[in-house]
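Asker: Handing you this structure, nothing more for now.
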Amino acid sequence: MCSADIAKTAFRTHDGLYEFLVMPFGLCNAPATFQVLMNDVLRPFLCRFVLVFFDDILIFSSSWADHLRHLRAVLTVLHHHRLFVKRSKCAFGVGSISYLGHVITEAGVAMDPAKVQAVCDWPQPRSARAVRGFLGLAGYYRKFVHDYGSIAALLTALLNKEGKYCHFIPLAHPYSEESVAQAFFTDIVRLHGMPQSMVSDRDPVFTSTFWRELMRLMGTKLHMTTAFHPQSDGQTEAANRPFSEVRNHF
């Protein structure tokens, strides 16, 4: 902290008054102010052989001699501005390093396996807020995933409050009225409740006496599509289109 500004950071505790001698990141605009400081201090080296994000400084060089020269220049300017590094948090002269969620080597930039595993182990979202959190995490690596926007389209659509939702249930052939009913109650009714009405094609499962009687007992009205006057108004086709695009990526 600048000597003239230390008094401005004073705060009271049950033990008395205290002041910050270094910048606390809890203050408003403190992170931005610190980033501006780092940019100003290292500006002659930025994008030439230095990248900096807050207190993460990356020094890259094409040769060992250049690396020693670049390292000395950065440490000298940090010392001149009374900025210090902690030896236990530094790595010098390495060919591979983890930086801001990426692994950087002479071959290029790759995803950090630990972060990828975190995406794979992420719990299944149960709310729009959880879906938004997952998309934020997975989207960090979107440049490494071909057609990421198309793959994530179904999840992104769930965040649209005015949008229509689709719930797909995978069924393997052969399936019967009983197996379809079991999947319907397990995956649809359990999560969304019993529908007031339902539109289906004329598959034998949906035209069977068992299915019709089941829906009648549950109070659900059944509607069937026809060849020339589809009651679904193309909703099934519209829902299947992005699903087919996602399926093509696997």
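Read in order, the letters of the sequence shown are residues 1 to 250 in the UniProt record's numbering. No residue lacks a Cβ here, since even glycine has one placed at the ideal position from N, Cα and C. Treat the numbers as computed from the prediction; the structure is a model and nothing was measured.
(1) Going along the chain, which unbroken runs of the alpha helix (DSSP H) with 4 or more residues stay wholly within the UniProt domain "Reverse transcriptase" (1-104)?
(2) Using a Cβ-based criterion (distance less than 7 Å to any ligand heavy atom), does Ser179 qualify as near the ligand GDP?
(3) Could you work out which residue in Pro113, Leu155, Ile151 is closest to Gly133 when comparing CA atoms only?
(4) So Lys221 is in the alpha helix (DSSP H); what residue range does that whole segment cover?
(5) Per DSSP, what are the beta-bridge partners of Val109 in this structure?
(6) Ser197 bridges to which residues according to DSSP?
(7) For Asp203, which three-state DSSP category applies?
(8) Decide yes or no for the touch test of the stretch 68-83 against the stretch 96-115: beta carbon pairs closer than 8 Å, at least 3 of them.
(9) So, with DSSP's three-state summary, where would you put Leu154?
(10) Could you name the residues of the same chain whose beta carbon sits closer than 8 Å to that of Ala7, not counting the 5 residues immediately before and after it, in chain order?
(11) Would a C-beta distance cut-off of 8 Å place Ala32 and Pro24 closer than the cut-off?
(12) Using 8 Å as the limit for Cβ to Cβ distance, is Pro170 near chain C?
(13) If you run the structure through DSSP and keep just helix, strand and coil, what is Ala130?
(14) Using three-state DSSP, classify Cys166 as helix, strand or coil.
(15) Which whole-angstrom value is the C-beta distance of residue 273 and Ala110, which I expect to be below 8 Å?
(16) Quick one: give me the first and last residue of the alpha helix (DSSP H) that Val180 is part of.
(17) What residues in its chain sit with their C-beta under 6 Å from that of Arg142, if we drop five residues either side in the sequence?
(18) Can the beta-carbon of Ile57 be found closer than 8 Å to that of Val74?
Answerer: Reading off the structure:
(1) 30-41, 64-80
(2) Only the bare structure without any ligand can be found here, which leaves the ligand GDP out of the picture.
(3) Here the question's residue 133 lines up with position 133 in the sequence shown. Minimum Cα distance to Gly133 is reached at Leu155.
(4) Taking the sequence shown and counting its residues from 1, the one referred to as residue 221 is at position 221. Taken as a continuous stretch (DSSP letters only), Lys221 belongs to no alpha helix (DSSP H), being part of the beta strand (DSSP E) at 221-224.
(5) Against the sequence shown, residue 109 aligns to sequence position 109. Paired residues: Ile104.
(6) Stepping through the sequence shown from its first residue, residue 197 is reached at position 197. Per DSSP, Lys221.
(7) The residue given as residue 203 occupies position 203 in the sequence shown. In the structure shown, Asp203 sits in coil (DSSP, three-state: anything other than H, G, I, E or B).
(8) no
(9) Here residue 154 corresponds to residue number 154 of the sequence shown, with the count starting at 1. Leu154 falls in the helix class under three-state DSSP.
(10) Mapped onto the sequence shown, residue 7 falls at position 7. Glu19, listed in sequence order.
(11) Mapped onto the sequence shown, residue 32 falls at position 32. Mapped onto the sequence shown, residue 24 falls at position 24. Contact flag unset, no.
(12) Here there is only one protein chain, and chain C is not present.
(13) Position 130 of the sequence shown, counted from the start, is the residue given in the question as residue 130. Ala130 falls in the helix class under three-state DSSP.
(14) The residue labelled residue 166 in the question sits at position 166 within the sequence shown. Three-state result, Cys166: coil.
(15) Absent from the structure is residue 273, since the part of the chain shown begins at 1 and ends at 250.
(16) As a working mapping, residue 180 is identified with position 180 in the sequence shown. Unbroken alpha helix (DSSP H) run through Val180: 177-184.
(17) Position 142 of the sequence shown, counted from the first residue, corresponds to residue 142. Within the same chain, Arg142 has close Cβ partners Tyr148.
(18) Numbered from its first residue, the sequence shown carries residue 57 at position 57. Numbered from its first residue, the sequence shown carries residue 74 at position 74. Against a cut-off of 8 Å, the Cβ pair of Val74 and Ile57 comes out as a contact.
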